[in-house]
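Participant: Residue 113 is where the sequence shown starts when you use my numbering, and the numbers rise one by one after that.
Quick one: this structure, given as structure tokens, is what I'll be asking you about.
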Amino acid sequence: MNPSQNTTAMNDRDLTVRVHDRSFRPYIGTDEIDVMVSDIAEKINKDFLGQELTVLIILKGGFVFAADLIRRLRIPVKIETLRASSYGVAMTSNGLIDVEDDFPDLRERNVLIVEDIIDTGTTIVELIKRIGGLQPASVTVAALLSKPEMHRENLVIDYVGREIAPDFVVGYGMDYAGYGRELDAIWVVDTATEEFPES
Ligand code: 5GP
Ligand code: MG
């Protein structure tokens with residue numbers, strides 16, 4: 113962990129970081145993230161040996177994971193980006209996703225979609241459908257995190273860093289209300305300090 117100025121702690125167990133109007137607790141540290149990313153890169157290097165890969169980074173959340181992942185790849189790589197979002201300010205998926213219309217040319221390419229986290233799966237299912245229609249040579253998915261209990265349908269995710277409980281996390285590219293993407297570790301919302309509106 114690299115506590116920035118907005119962390120408070122009496123001792124390690126009480127360490128929290130304030131993001132916008134919520135407190136978050138340490139969840140996945142930088143060392144573990146490193147191992148997760150290296151493991152995924154190793155598998156991709158093996159699976160795509162002798163081939164070229166187009167890494168399609170899903171913005172904004174996927175950019176930190178993608179930046180670390182591509183620097184561990186040892187095969188020829190091209191980078192593309194695509195904006196997609198399913199969350200507003202709230203911490204729960206609204207089931208609606210907004211995907212940028214301007215898709216890169218992915219014909220005949222081995223496309224690796226790089227996502228930060230898969231929750232209900234709505235976003236990734238829609239992306240796979242739309243990208244699949246662009247005549248790519250292949251489509252695979254790398255997600256740093258996945259919440260299997262939340263998946264709405266049976267999902268096959270080719271590369272997953274770690275499966276987690278259905279809790280809301282921030283950091284390492286992932287935001288809460290637009291903030292917290294710069295945190296180098298991953299933090300989980302602290303339900304113990306959650307504020308409820310006065311009734
Ligand atoms: P899905 O469509 O699978 O329900 O939601 C996927 C998208 O929602 C992810 O790309 C991510 O942007 C966002 N998301 C899902 N769970 C979380 C979470 O715990 N924290 C953050 N910051 N974003 C999440
Ligand atoms: Mg996302």
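Note that CB positions come from ideal geometry on N, CA and C, so glycine has one too.
Source: prediction; values computed, not measured.
What do you reckon, is the C-beta of Val-147 under 8 Å from a heavy atom of ligand 1?
Facilitator: False, no ligand heavy atom lies under 8 Å from that Cβ.
Participant: Considering just the uninterrupted stretch of the alpha helix (DSSP H) at Val-237, what are its terminal residues?
Facilitator: Residue range 234 to 244 is occupied by the alpha helix (DSSP H) that includes Val-237.
Participant: Quick one: give me the first and last residue of the alpha helix (DSSP H) that Ala-179 is part of.
Facilitator: 175 to 182
Participant: In whole angstroms, what is the alpha-carbon distance linking Ser-135 and Ile-298?
Facilitator: Roughly 13 Å between the two C-alpha positions.
Participant: Buried or exposed: which applies to Leu-181, given that a residue is buried once 16 or more other Cβ atoms fall within 10 Å of its Cβ?
Facilitator: Counting Cβ neighbours within 10 Å, Leu-181 comes out buried, since at least 16 surround it.
Participant: Nearest to Phe-175 by alpha carbon, out of Gly-290, Gly-292, Met-286, Glu-154?
Facilitator: With distances taken between Cα atoms, Phe-175 lies closest to Met-286.
Participant: Would DSSP call Ala-304 helix, strand or coil?
Facilitator: If DSSP states are grouped into helix, strand and coil, Ala-304 belongs with the helices.
Participant: For Arg-221, count neighbouring Cβ atoms within 10 angstroms of its own Cβ and tell me buried if that reaches 16, exposed if not.
Facilitator: buried
Participant: Which two residues bound the contiguous alpha helix (DSSP H) that contains Glu-275?
Facilitator: Careful: Glu-275 lies outside any alpha helix (DSSP H), inside the beta strand (DSSP E) at 271 to 275.
Participant: Where do the ends of the alpha helix (DSSP H) carrying Ser-150 lie?
Facilitator: Where Ser-150 is concerned, the enclosing alpha helix (DSSP H) stretches over 142 to 159.
Participant: Looking at the secondary structure, which residues open and close the beta strand (DSSP E) in which Lys-190 lies?
Facilitator: 189 to 197
Participant: For a test of your reading of the model: does the CB of Tyr-291 fall under 8 Å from any non-hydrogen atom of ligand 1? Yes or no.
Facilitator: no
Participant: I'd like to know whether the C-beta atoms of Thr-234 and Ile-209 end up nearer to each other than 9 Å.
Facilitator: Closer than 9 Å, so yes.
Participant: Can you look up Thr-128 in the DSSP assignment and give me helix, strand or coil?
Facilitator: strand
Participant: So Tyr-284 packs on Phe-215, CB below 8 Å; how close in whole Å?
Facilitator: About 26 Å separates the two Cβ atoms, so there is no contact after all.
Participant: Determine the burial state of Ser-311: buried for a count of at least 16 other Cβ atoms within 10 Å of its Cβ, exposed for fewer.
Facilitator: Note on Ser-311: pLDDT 36, under 50, position unreliable in the model; the coordinate value appears next. Exposed, by the Cβ-count rule.
Participant: Just to confirm, does Phe-177 get its C-beta within under 8 Å of one of the non-hydrogen atoms of ligand 1?
Facilitator: no
Participant: Here's the rule: buried if 16 or more other CB atoms are within 10 angstroms of the residue's CB, otherwise exposed. What is Asp-213?
Facilitator: In this structure Asp-213 is exposed. Its beta-carbon is surrounded by fewer than 16 other beta-carbon atoms within 10 angstroms.
Participant: Go ahead and pull the three-state DSSP assignment for Pro-260.
Facilitator: helix
Participant: Closer than 8 Å: is that where the CB of Asp-279 sits relative to any heavy atom of ligand 1?
Facilitator: yes
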